[in-house]
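Asks:
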Amino acid sequence: MTVPQLAVLSAAAACFASYGWGLARFFADPGGSPGTGTVKWATTAAVAAHIAAVLFFYDHGVLRFAAALAIYALSLVLFWWAIAVNRARPLTLAYSPDAPLHLVTAGPYAFIRHPLYVSYVLCWIAGIVATGQPLLIPTVLGMGWLYHRAAVKEEEKFAASPLAGEYALYTRRTGRYVPRIF
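The sequence shown begins at 1 in my numbering and counts up by one.
#1: Count the other CB atoms, across all protein chains shown, that sit within 10 Å of the CB of Val124; report buried if there are 16 or more and exposed otherwise.
#2: Would you call Val8 buried or exposed, if buried means 16 or more other Cβ atoms sit within 10 Å of its Cβ?
#3: From Ala168 to Leu136, what distance separates their C-alpha atoms?
#4: Going by Cα to Cα distance, which pick from Val140, Ala11, Gly175 and Pro90 is closest to Ala24?
#5: Just how far apart, CA to CA, sit Trp41 and Cys15?
#6: Identify the continuous alpha helix (DSSP H) that holds Thr36 and give its terminal residues.
#7: Closest to Val62 by CA distance: which of Ala12, Gln5 and Val118 is it?
#8: Give the straight-line distance between the Cα atoms of Ala164 and Gly144, rounded to the nearest whole angstrom.
#9: Once DSSP output is grouped into helix, strand and coil, what is the label at Gly144?
Written out as structure tokens, the structure reads:
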């Protein structure tokens, strides 16, 4: 294993470990989350695919290496920034049926409504950048679709909650996954 390959594997592992920590220690589980099992199973399969790709199909290009590390770093910064903003009032797991009790508009939420999902997708993209493996594209598309469905469900919960008016104003200011420029 080369040093760049080890660095990419370490960066990916830092992302995966952070997300695992969030699942085990941060997110509240109100129960009755039918999609959580699917997300856990799909995540496990995607992690295995990405680790295998880095181990067996790593592309040794300097630009790929630098870009992948930058994307992994961005993913981690976004993840931990969102966690820090929510530290006092942890969020519930994706696909949880609970009604929202508060609206977070600080930190990365001032720019995008779903920074945690964006963080996760960035990590999956970094794996493709690092390895150059088109076989990883289904992991980005599949996981991205699961996160998108979760985001839509969360937005539906807000629209049906006492926070609906405040959330509607918030959606006009912020993009779902990318900041609104105008």
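For glycine and all other residues, C-beta sits at the position ideal for the given N, C-alpha and C.
Replies: Let me spell this out:
#1: Residue identity check: residue 124 is Trp in the sequence provided, not Val. Buried.
#2: Classification of Val8: buried, given that the 10 Å Cβ count is 16 or more.
#3: Approximately 36 Å, taken between the alpha carbons.
#4: Answer by Cα proximity: Pro90.
#5: Each residue's alpha carbon lies about 17 Å from the other.
#6: For Thr36, the enclosing alpha helix (DSSP H) begins and ends at Thr36 to Phe57.
#7: Closest in alpha carbon position to Val62, among Ala12, Gln5 and Val118, is Gln5.
#8: Roughly 25 Å separates the two Cα atoms.
#9: Judged by DSSP in its simplified three-state form, Gly144 adopts helix.
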